[in-house]
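Chemist: Under my numbering, think of the first position of the sequence shown as 54, with each following residue one higher.
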Amino acid sequence: MTLSPDGTKIRRYWRLESLEHQDDLATTVSTVRQLLEDSIHRQLVADVPVCTLLSGGLDSSALTAFAAIFFNREGRGPLHTFSIDYVDNDLHFNPSEFEPTSDSPWVRLISENFGALHHFFYVDTPQLIDSLKPAVLARDLPGMADIDSSLLLFCREIKKKATVAQSGECADEVFGGYPWYHREETLNGNTFPWLRNIRQRLQFYSPELVDLIQPETYIARRYEETLAEVPRLPGEDSVEARRREMFYLNFMWFMATLLDRKDRMSMACGLEVRVPFCDHRLVEYVWNIPWEMKTCDGMEKGILRRALADILPEPILKRKKSPYPKTHNPNYLAAVSEWVTEILHDSSSPLRPLINTAVVCQAAESGSDAFDRPWFGQLMTGPQLLAFLIQADIWLREYRVTIV
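1. Can you grab the Cα-Cα spacing for the pair Thr-80 / Phe-330, in whole Å?
2. Tell whether a beta-carbon distance below 8 Å holds between Phe-307 and Glu-222.
3. Here's a check: name, in chain order, each residue in its chain whose Cβ is nearer than 6 Å to the Cβ of Pro-19, leaving out the five neighbours to either side.
4. Kindly identify the DSSP beta-bridge partner or partners of Ala-218.
5. Taking Asp-141 as the reference, which of Val-176, Asn-125, Leu-280 has the closest Cα?
6. In angstroms with no decimal places, state the Cα-to-Cα distance between Pro-268 and Met-54.
7. Based on the DSSP secondary-structure assignment, which residues constitute the bridge partners of Ser-136?
8. Going by C-alpha to C-alpha distance, which of Ala-440, Thr-434, Lys-379 sits closest to Thr-394?
9. Report the CB separation of Leu-107 from Val-160 in whole angstroms; it is logged as a contact under 8 Å.
10. As a quick exercise: from Arg-405, Phe-124, Leu-185, pick the residue whose alpha carbon is nearest that of Ile-456.
11. Just reading off the beta strand (DSSP E) that Thr-244 is part of, what are its end residues?
12. Tyr-271: which of Arg-129, Ile-251, Ile-447 sits nearest, CA to CA?
13. Give the range of the beta strand (DSSP E) segment to which Lys-62 is assigned.
14. Here's the rule: buried if 16 or more other CB atoms are within 10 angstroms of the residue's CB, otherwise exposed. What is Asn-241?
15. Taking the CB atoms as reference points, tell me whether Ile-93 and Gln-256 lie closer together than 8 Å.
16. What is the C-beta distance between Asp-91 and Thr-84, in whole angstroms, given that I count them as a contact (C-beta under 8 Å)?
17. Report yes if the C-beta distance between Ala-121 and Phe-174 is below 8 Å; otherwise report no.
18. With a Cβ-Cβ cutoff of 8 Å, do Ser-291 and Asp-156 count as a contact?
19. Within the present structure, is the beta-carbon of Asn-384 separated from the nearest heavy atom of the ligand COA by less than 7 Å?
20. State the DSSP-derived secondary structure class of Thr-455, mapped to helix, strand or coil.
21. Using 8 Å as the Cβ pair cut-off and three pairs as the minimum, do the region 349 to 368 and the region 111 to 119 touch?
22. Return the chain-ordered list of same chain residues with a C-beta closer than 7 Å to the C-beta of Gly-355, the five sequence neighbours on each side being excluded.
23. Roughly how many angstroms separate the alpha carbons of Tyr-338 and Leu-97, rounded to a whole number?
24. Tell whether a beta-carbon distance below 8 Å holds between His-133 and Leu-162.
25. Is it true that the CB of Ile-137 sits closer than 8 Å to the CB of Ser-184?
26. Pull the bridge partners of Ile-408 from the DSSP assignment, please.
27. Going by the DSSP bridge assignment, what does Ser-57 pair with across the sheet?
28. Does the region 281 to 300 come close enough to the region 187 to 203 that 3 or more CB-CB pairs lie under 8 Å?
29. Going by beta carbon distance, what residues of the same chain come within less than 6 Å of Arg-317, once the five residues before and after it are set aside?
30. Quick check for students: name the residue ranges of the beta strand (DSSP E) that lie wholly in the region 346 to 424, counting only runs of 3 or more.
31. Whose CA, out of Arg-453, Ile-211, Ala-445, Pro-383, lies closest to the CA of Ser-419?
32. For Tyr-276, I'd like the list of residues in its chain whose CB is within less than 7 Å of its CB, leaving aside the five on either flank, ordered along the chain.
33. Please state whether the Cβ-Cβ distance between Pro-284 and Ser-71 is less than 8 Å.
34. Determine the extent of the alpha helix (DSSP H) in which Val-82 is found, giving its start and end residues.
35. Cβ atoms of Val-101 and Thr-216: under 8 Å apart, would you say?
36. What are the boundary residues of the alpha helix (DSSP H) that Ile-200 is part of?
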């Protein structure tokens with residue numbers, strides 16, 4: 054934004070540019086490796102303690118490997134690493150297509166392999182419940198429920214030992230790691246891939262609200278507006294062009310949401326989280342790598358796996374994507390169900406006019422998942438939907454929101 058006697062002017066200072074990719078596979082692998090390593094090293098510079106967030110996945114393991122080697126070379130070691138899990142998750146974890154494996158064994162493999170000093174942080178159900186309100190205040194909006202509140206608790210714990218952290222955020226958007234990049238039905242779904250089955254979702258909101266805001270029309274409009282911005286490559290075939298659209302949708306919406314979440318939860322604790330995979334030089338280069346090359350060796354993010362082949366253990370290189378962990382403890386579902394039921398029976402609740410109380414009450418009282426598949430992203434199933442409604446009620450009350 055520029056302010057002058059002539060008025061206010063707003064301009065976009067950076068945008069992606071679509072160009073023909075000229076490098077062969079070997080050169081592409083080498084360039085990805087060099088850009089990522091340089092970004093990590095640049096973002097390790099600090100005059101305060103620096104750590105990495107380590108889940109044992111490909112992305113966080115890459116950060117940890119490069120950072121640990123750099124720390125040892127510079128005499129700054131050992132590198133501190135942190136992971137989050139939930140009390141009794143080992144008893145209740147059920148693998149799914151979105152969460153195929155738990156993190157702990159993989160975390161140990163990487164931390165031991167690179168001589169990192171690792172810290173396991175465990176969150177219990179009462180802590181998650183108690184942190185729903187602080188997470189709303191940190192975000193200034195209702196957000197991703199316990200996914201937010203657990204991150205807030207995690208950052209608060211990290212801040213006890215470090216002031217700066219590196220996170221693997223953005224790698225899946227940049228390299229195409231999410232399932233919706235790979236499945237034909239979602240790739241060609243003609244909507245945001247994380248907002249499918251919208252009519253099923255709308256049953257939780259009051260008919261009056263749905264009629265007023267016309268969410269399906271709004272979603273379709275924003276989808277078309279975003280596609281109109283996509284930097285096109287003349288002569289690109291229709292399938293590759295559609296994948297470019299999918300990457301752009303993820304950059305402008307899903308990645309922006311996750312970065313905002315990470316920034317707000319971390320800075321609420323005085324922790325600075327840096328994201329080397331979001332370095333503009335790396336993003337610009339990978340944007341133009343053809344899909345066949347991005348998925349070399351028949352794996353999602355294949356080009357990244359090749360770039361890390363000589364530094365990461367083979368089991369990590371072959372590990373399937375597993376997102377930020379969430380609780381699977383049935384006590385959490387019971388707790389949010391009870392809280393939502395209290396809201397539904399509170400005549401002063403500002404949330405009640407906005408929801409279909411009968412449908413929400415049935416979901417809360419049934420004691421089972423309202424959705425067996427995520428209703429946003431990969432993590433937010435039934436318990437998180439109920440917790441989101443709790444956060445919405447908190448936000449409406451705390452910020453004294455008036456609906457006119």
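The beta carbon of each residue, even a glycine, is placed where N, CA and C say it ideally should be.
Modeler: Checking against the coordinates, here is how it stands:
1. 19 Å
2. no
3. The shown model of the chain, from 54 to 457, leaves out residue 19, and the question about it has no answer.
4. Cys-104, Val-326
5. Val-176
6. 31 Å
7. Phe-173
8. Ala-440
9. 6 Å
10. Arg-405
11. Unbroken run through Thr-244: none, as it is neither H nor E.
12. Ile-251
13. 60 to 62
14. exposed
15. no
16. Asp-91 to Thr-84, Cβ: 11 Å. No contact.
17. no
18. no
19. For the ligand COA, the structure offers nothing, since it holds no ligand at all.
20. coil
21. yes
22. Lys-347, Thr-348, Cys-349
23. 22 Å
24. no
25. no
26. Tyr-258
27. Gly-60
28. no
29. Ala-191, Arg-192
30. none
31. Pro-383
32. Thr-244, Phe-245
33. yes
34. 78 to 95
35. yes
36. 199 to 211
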